[in-house]
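Here's the structure, in structure tokens; my notes come after.
Residue numbers (the working numbering): 29 to 229.
This is how it looks when you write it as structure tokens:
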């Protein structure tokens with residue numbers, strides 16, 4: 029079964045969902061979970077899409093000091109215990125600067141541009157990139173897609189774009205829909221089918 033992993037990482041937690049790729053490119057949620065308390069009291073929680081529990085596991089704080097470690101543990105748990113090996117990974121990324129305002133397949137050039145943004149970035153961008161680095165290091169053959177907040181539909185007045193950032197940064201803040209993770213999975217699948225040598229079976 030082909031699956032897509034969706035990651036939404038913040039400073040103290042890493043949320044994830046697995047979607048299976050059904051016929052005609054339809055997506056079905058299979059499980060969801062999160063590693064919370066990163067660096068303080070880390071715990072992996074996960075459940076099936078229907079609500080059945082899959083994990084509720086505490087970890088020593090020294091084993092999950094940061095988001096990258098949380099991604100490593102989550103990847104290992106998915107692979108070794110659930111035998112899930114996603115064909116692609118989609119990430120929510122705060123912003124991509126002026127060069128990226130829509131989902132993009134991540135390559136070394138894209139990653140370098142995003143890394144440069146972290147020098148002056150606000151909010152969670154450095155934490156958004158940590159799982160990408162982890163997967164690049166451990167599973168370099170898996171395609172990854174960055175879905176920027178600016179790529180989601182805008183349903184508010186333009187005057188609100190900069191309401192939560194300093195005027196100097198000019199980094200827009202956008203309203204994110206409630207089905208954000210599904211939208212990320214859809215963007216990831218679309219770019220995978222368009223740009224990856226391996227299309228879903």
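Heads up, the beta-carbon is just placed ideally off N, CA and C, and yes, glycines get one too.
Identify the residues that DSSP records as bridge partners of residue i: which are they?
i           : result
residue 119 : 35, 174
residue 218 : None; residue 218 has no bridge partner.
residue 87  : Its beta-bridge partners do not exist; DSSP assigns none.
residue 46  : 33, 59
residue 128 : 124
With distances taken from CA atoms, which of the options is nearest residue i?
i           : options            : result
residue 122 : 221, 212, 222, 220 : 212
residue 109 : 92, 74, 219        : 74
residue 47  : 39, 61, 81, 99     : 61
residue 57  : 41, 64, 31         : 31
residue 117 : 68, 146, 168, 111  : 168
residue 93  : 106, 69, 146, 80   : 69
residue 35  : 100, 138, 147      : 100
residue 41  : 139, 102, 83, 132  : 102
residue 78  : 220, 45, 39        : 45
residue 161 : 96, 112, 129, 177  : 96
residue 153 : 177, 166, 164      : 177
residue 113 : 166, 129, 138      : 166
Just mark residue i as buried or exposed, buried being the case when its beta carbon has 16 or more other beta carbons within 10 Å.
i           : result
residue 155 : buried
residue 98  : buried
residue 147 : exposed
residue 120 : buried
residue 88  : exposed
Given residue i, which residues of its chain have a CB within under 7 Å of its CB, disregarding the five upstream and five downstream residues?
i           : result
residue 127 : 141
residue 171 : 116, 133, 220, 224
residue 104 : none
residue 175 : 118, 119, 120, 121, 131, 212, 215
So, are the CB atoms of residue i and residue j less than 9 Å apart?
i           : j           : result
residue 63  : residue 49  : no
residue 215 : residue 173 : yes
residue 37  : residue 131 : no
residue 217 : residue 53  : yes
residue 65  : residue 71  : yes
residue 210 : residue 33  : no
residue 125 : residue 145 : yes
residue 157 : residue 143 : yes
Going along the chain, which residues of its own chain have a beta-carbon closer than 8 Å to the beta-carbon of residue i, five neighbours each way excluded?
i          : result
residue 76 : 58, 59, 82
Within a Cβ cutoff of 6 Å, which residues of the same chain sit near residue i, ignoring the five residues on either side of it in sequence?
i          : result
residue 84 : 73
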